[in-house]
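Note sheet for the following structure.
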Amino acid sequence: KQWYQRRVRARISQAFQLLFDNAYLLSSLGLIRFQSDKVQAFTNKFWLYADLLNLIRACYEIQREVQHQRERQRSNLKNYEHSNYETCRAVVRRRPDLFVDLIKNLADVWLPLNALQITQHSPGLVGLCGTISSLLGALTVWDRSLKLGTL
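Have a look at this one:
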């Protein structure tokens, strides 16, 4: 239930991020009057909050899958000990959607951090992170099996 509530909060934060992003766009076009800097800061804060919640969810899901995989390995081969590498490989083969989501969220979290000036990275690194996030997002649209389950 707690993880479901975090997922709902992430979705609400994404909705506010889109709302403020559209308000910023309309303000930039001169259609409405807002203090653009404040609107952009709100957009980035909601974006960061949603990304952090999605990152926490992905880590939690991976940790659960690793535990389940270890339990399966113990029950199948009592005397054989599997390495962490083998366990992770088995989880990646079984649930590639989790790792696509984790990598996408890891790349995505640096964008609002940089925009809020919490971290300072070169434009090249920010562009690379944005490109990775966008490509993985497009990949999940292309191959629906790589999209992490929703609410």
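End of the sequence shown = 174 in my numbering, gap-free, step of one. We put the beta carbon where it would ideally sit given N, CA and C, even for glycine.
Asked                                                                                                      : Found
Reduced DSSP category for glycine 9 - H, G, I as helix; E, B as strand; rest coil                          : Beyond the ends of the chain as shown, which are 24 and 174, falls residue 9; an answer cannot be given.
Residue from Leu136, Asp74, Phe43 with nearest C-alpha to arginine 34                                      : Asp74
Length of the line joining the Cα atoms of tyrosine 83 and glutamine 37                                    : 20 Å
Given threonine 154 as reference, the closest of Ser168, Thr142, Gln143, Val132 once Cα atoms are compared : Val132
Meets three-Cβ-pair contact criterion under 8 Å: the stretch 113-120 and the stretch 136-143               : no
Distance CB(leucine 171)-CB(aspartate 124) smaller than 8 Å                                                : yes
Neighbour flag for aspartate 124 against chain C, beta carbons, 8 Å                                        : Of the protein chains in the structure, only one exists, and it is not chain C.
Candidates Gln40, Ala130, Leu129, of which the one nearest valine 62 by Cα                                 : Gln40
Simplified DSSP assignment, three categories, for glutamine 178                                            : Nothing in the structure corresponds to residue 178, since the chain is present only between 24 and 174.
Inter-residue Cα distance where the pair is lysine 68 and serine 98                                        : 45 Å
C-alpha distance - aspartate 166 paired with serine 156, whole-angstrom precision                          : 15 Å
Neighbour-count burial assignment, tyrosine 47, 16 or more Cβ in a 10 Å radius                             : buried
Exposed unless 16 or more other CB atoms sit within 10 angstroms - verdict on alanine 161                  : exposed
Straight-line gap, arginine 95 to isoleucine 85 (C-alpha atoms, nearest Å)                                 : 15 Å
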